[in-house]
Amino acid sequence: MKVVSTINEIHAARRSFSGTVGLVPTMGYLHEGHLSLIRRARDECDHVVVSIFVNPTQFGPSEDLSKYPRDLDRDLKLIEPLGTDLVWMPTAEIMYPQGYQTWVEVEAMTRSLEGAHRPGHFKGVTTVVAKLFNGVQPHKAYFGQKDAQQAAVIRQMTRDLNFPLEIVVCPIVREPDGLAMSSRNVYLDPEQRKAATVLYRSLSAAKDAYDKGERDAEKLRQLMKDVVASEPLAQMQYVSCADYETLQELENVTGKSLLSMAVFIGKTRLIDNFVLE
Ligand code: PAF
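Position one of the sequence shown corresponds to residue 14 (the numbering used here), numbered consecutively onward.
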């Protein structure tokens, strides 16, 4: 497994590949969710590239950039046995050198949900992902459904800018009690860790109601709010029942839809979602 950092190195390594290339973009501190993306890329592509870069431009001023968990040695040990060919670990200076001034921004669909609460977040994500696509020039890029809005925004950017690649979105990987895997779960103390199952519990309650025939989106949102409110350690930021592609809030659930939420458990902000088909 080769490890590179500069733009010249990634371009040279890319030129040495023949056949299909799959890219798994990450910010490191890998968990089973990331590993499932790498395994899928390994199954589907001749070469697998994993990028590890904690992208400063997608963190707000009050967010956890300096605290974001990092453990590169552990990450490399986890991904090598999965058959990763190449790891790209650029520095912030490589990605955003002195004088950097070009940004990629998806408009309407980044203003709701995560975008409404994390101003500038998606501009940072789409910019870095465009740069990762240009560095690696993959045939397929793999993202987790856990960041449902991110996946939708990246699909939109890929269409709008005609990136010649396929976006593959892989299912959420959960702990046995339902908590969605996330690098941020390490911030939770044991009591908070128990409380954090409230996201899964409230999404499950709404999904059960949907399965029993409830199609009123406001009723589904209220059900999710009620379950979150029943957990003393949880502070809801938003709940949503929206169209899967456009992310517009719904009145009635008719087509493919997304139940999603952001909840603070103490200072840790967790997100989760279910897809209603
Ligand atoms: O999902 C993430 O880890 C990041 O947002 C991504 C896609 C690697 C861009 O920095």
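Quick reminder that beta carbons are idealized off the backbone N, C-alpha and C, glycines included. For clarity, every value in this text was computed on a predicted model and none was experimentally measured.
- In this structure, the C-beta of residue 176 stays at least 8 Å away from each heavy atom of the ligand PAF.
- Cβ-Cβ distances below 6 Å link residue 46 to 157, 186 and 194 in the same chain, with the five nearest sequence neighbours on each side left out; the list follows chain order.
- Shortest gap from the CB of residue 157 to any heavy atom of the ligand PAF: under 8 Å.
- Scanning its chain for C-beta atoms nearer than 6 Å, with the 5 sequence neighbours on each side dropped, one finds around residue 146 the residues 176, in chain order.
- Secondary structure at residue 54: helix, using DSSP grouped into helix, strand and coil.
- Counted as a single uninterrupted DSSP element, the alpha helix (DSSP H) harbouring residue 217 occupies residues 211-224.
- The beta carbons of residue 126 and residue 260 sit about 6 Å from each other, so the pair counts as a contact at 8 Å.
- Residue 25 and residue 86 have their C-alpha atoms spaced approximately 24 Å apart.
- Partner residues in the beta bridge of residue 15, as assigned by DSSP, are 99.
- By the 16-neighbour rule on beta-carbons within 10 angstroms, residue 277 is exposed.
- A direct Cα-to-Cα measurement between residue 269 and residue 290 gives close to 5 Å.
- Per DSSP, the unbroken alpha helix (DSSP H) holding residue 146 starts and ends at 134-149.
- Judged by DSSP secondary structure, residue 272 falls within the beta strand (DSSP E) whose first and last residues are 270-278.
- In this chain, the beta strand (DSSP E) harbouring residue 34 covers 34-39.
- Counting along the chain, residue 21 sits inside the alpha helix (DSSP H) bounded by residues 20-28.
- Straight-line measurement puts the Cα of residue 30 at about 47 Å from the Cα of residue 249.
- Residue 73 places its beta carbon less than 9 Å from that of residue 134.
- In summary, residue 234 is buried, with 16 or more beta-carbon neighbours lying within 10 Å of its beta-carbon over all protein chains present.
- Sequence-distant Cβ neighbours of residue 37 in its own chain, meaning closer than 6 Å and more than five residues away, are 50, 51, 54, 63 and 155.
- Only exposed fits residue 199, as fewer than 16 other CB atoms lie within 10 angstroms of its CB.
- If you look at residue 153, you'll find it in the beta strand (DSSP E) that goes 153-157.
- It is roughly 10 Å from the alpha-carbon of residue 203 to the alpha-carbon of residue 209.
- Residue 240 sits close to residue 211, with the two beta carbons spaced by under 9 Å.
- A residue is called buried once 16 or more other Cβ atoms fall within 10 Å of its Cβ, and residue 39 is buried on that count.
- In the three-state reduction of the DSSP assignment, residue 61 falls in the strand class, which pools E and B.
- DSSP places residue 84 outside both helix and strand once states are collapsed to three, so it counts as coil.
- Judged by beta-carbon spacing, residue 101 lies within the 9 Å limit of residue 149, meaning their Cβ atoms are closer than that value.
- In chain order, 88 and 91 place their CB closer than 6 Å to the CB of residue 43, counting only its own chain and leaving out the 5 sequence neighbours on each side.
- Judged by DSSP secondary structure, residue 289 falls within the beta strand (DSSP E) whose first and last residues are 281-289.
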